[in-house]
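Have a look at the structure below before the remarks.
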Amino acid sequence: MQNVNTKLSLKRVIRSLILFIFIPVTARILNIFVQQYDISLMTSFNIVGSLLIFYDWNLFGIHYNRAKYNLDDTILYTVVAYILILIWTIFSLEKLHCRVVIPSGDTLLSYGYARAGMMTAYSFMEAITVSIAVKCATDHMIVNHNELQIILLTGLAAGLGMTVLFIPSLNPFTLMTTLLYNVILMIMLSYFYNQTGSFIPGMLGFALVNLTIMIISIL
C-alpha cells in the first residue's frame with residue numbers, strides 16, 4: 398500500500414478520539430437511568446457516533462473516494478474481510494467464549510421496538526466509528542516500509558483500547574479471550590486498510606459480520 402497520509406491535525410485527532418471514548422462513557426451514564434446497557438450503548442453509538450462521523454466527514458469522504466475509484470479491490474477485500482471476520486467471530490464466540498460488542502438474541506427479541514436501532518448501531522455505526530478512531534490514532538505513524546510492524550502495533554493498541562473501553566467482564570478469562578478477539582480483529586482491519594489505502598472494505602466487512610450475527614441470533 399502507498400503511505401498516503403491524510404495529515405490530520407493533532408487537534409482533530411485528539412477531539413476525534415475523545416468523541417470515540419465518549420461513546421462507552423455516555424452509555425454508562427445513560428445506563429444509570431435506563432438500566433439496560435445494550436439500549437444505552439445503542440443510543441450512544443447512534444448519537445455520539447453520528448457526531449464523530451459528522452466531525453470527521455472529510456476523512457470519511459477521502460476514504461470513500463479511494464474505495465470508489467478502486468472498486469475492484471474494494472469489492473474483493475470487502476468479501477475477504479467479511480469471510481475472515483465472520484469465521485473469526487463465530488470461532489471466538491463458540492470456542493473462546495469471548496464478548497463481542499453486539500446485543501444477544503434474547504435482547505433483540507425482548508426489545509423489538511429498538512431492534513432496528515440496535516442492528517444499525519451495532520453494525521454500521523460501530524464499524525464506522527471504530528474505523529475512524531483507529532485511523533485518527535495511527536494517522537501520524539511513519540510507515541517507511543515497516544508495514545508489518547505498523548499492522549501488528551495497530552492491532553495490539555486498538556484491540557487493547559477496545560477491550561478497555563468496552564470492558565466485557567471482570568472475569569480474567571473473559572477479559573483475555575475478548576482481548577485476543579479484539580487484537581486479531583484490529584490486525585485484520587489494519588491489513589485490509591494497508592492493502593487498499595481505505596478503511597472502507599474492512600469497515601464494511603466488520604459491519605456486515607455484526608449484522609449477520611445479530612440476524613442469525615433472532616432466527
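For what it's worth, my numbering labels the leading residue of the sequence shown as 398, then goes sequentially.
All residues carry an ideal CB built from backbone N, CA and C; glycine is no exception.
Excluding the 5 residues preceding and the 5 following Asn-471 in the sequence, name in chain order all residues of the same chain whose CB lies nearer than 8 Å to its CB.
-> Here residue 471 is Thr; the residue named in the question, Asn, does not match the sequence. Taken in chain order, the residues that qualify are Ala-464, Lys-465, Thr-593, Ser-595, Ile-597, Pro-598.
Length at least 4, wholly inside the region 402-465: the alpha helix (DSSP H) runs in chain order = 407-431, 434-452
Mark Gly-558 as exposed unless 16 or more other C-beta atoms lie within 10 angstroms of its C-beta, in which case mark it buried.
-> buried
Quick one: what does DSSP say Ser-587 is sitting in, helix, strand or coil?
-> helix
Alpha carbon to alpha carbon, how far is Gly-552 from Asp-536?
-> Here the alpha carbons of Asp-536 and Gly-552 stand approximately 14 Å from one another.
Can you name the start and end residues of the alpha helix (DSSP H) that Ile-547 belongs to?
-> The continuous alpha helix (DSSP H) containing Ile-547 extends over residues 544-562.
Which word fits Ser-587, buried or exposed, when buried means at least 16 other C-beta atoms lie within 10 angstroms of its C-beta?
-> buried
Are the region 408-423 and the region 518-536 in contact at 8 Å, needing three or more beta carbon pairs?
-> yes
State the Cα-Cα distance for the pair Ala-424 and Thr-517, rounded to the nearest angstrom.
-> Approximately 16 Å, taken between the alpha carbons.
Same chain only: Cβ atoms within 7 Å of Gly-502, ignoring 5 sequence neighbours per side | Excluding positions up to five away in sequence, the list reads Ser-614, Ile-615.
Would DSSP call Pro-500 helix, strand or coil?
-> The answer is coil: DSSP assigns Pro-500 none of H, G, I, E or B.
Cys-495, DSSP secondary structure in three states = coil
Could you say if the region 572-584 and the region 495-510 meet the contact criterion of at least three C-beta pairs nearer than 8 Å?
-> yes
Just the Cα atoms here: how many angstroms apart are Glu-544 and Leu-506?
-> One C-alpha to the other measures close to 43 Å.
Kindly indicate which three-state DSSP category Met-538 falls into: helix, strand or coil?
-> coil
Assumed close pair Val-531, Met-583 - CB separation to whole angstroms, cut-off 8 Å = 7 Å
State the DSSP-derived secondary structure class of Phe-596, mapped to helix, strand or coil.
-> coil
Do the CB positions of Ser-362 and Leu-427 come within less than 8 Å of each other?
-> Outside the displayed span of the chain (398 to 616) sits residue 362, for which this structure offers no information.
Expressed to the nearest angstrom, what Euclidean distance is found between the alpha-carbon atoms of Leu-549 and Thr-486?
-> 19 Å
Go ahead and pull the three-state DSSP assignment for Leu-567.
-> coil
Is the closest heavy atom of the ligand MG to the C-beta of Leu-576 under 7 Å?
-> Ligands displayed in this structure: none; no statement on the ligand MG is therefore possible.
Distance, Phe-442 Cα to Met-515 Cα = 9 Å
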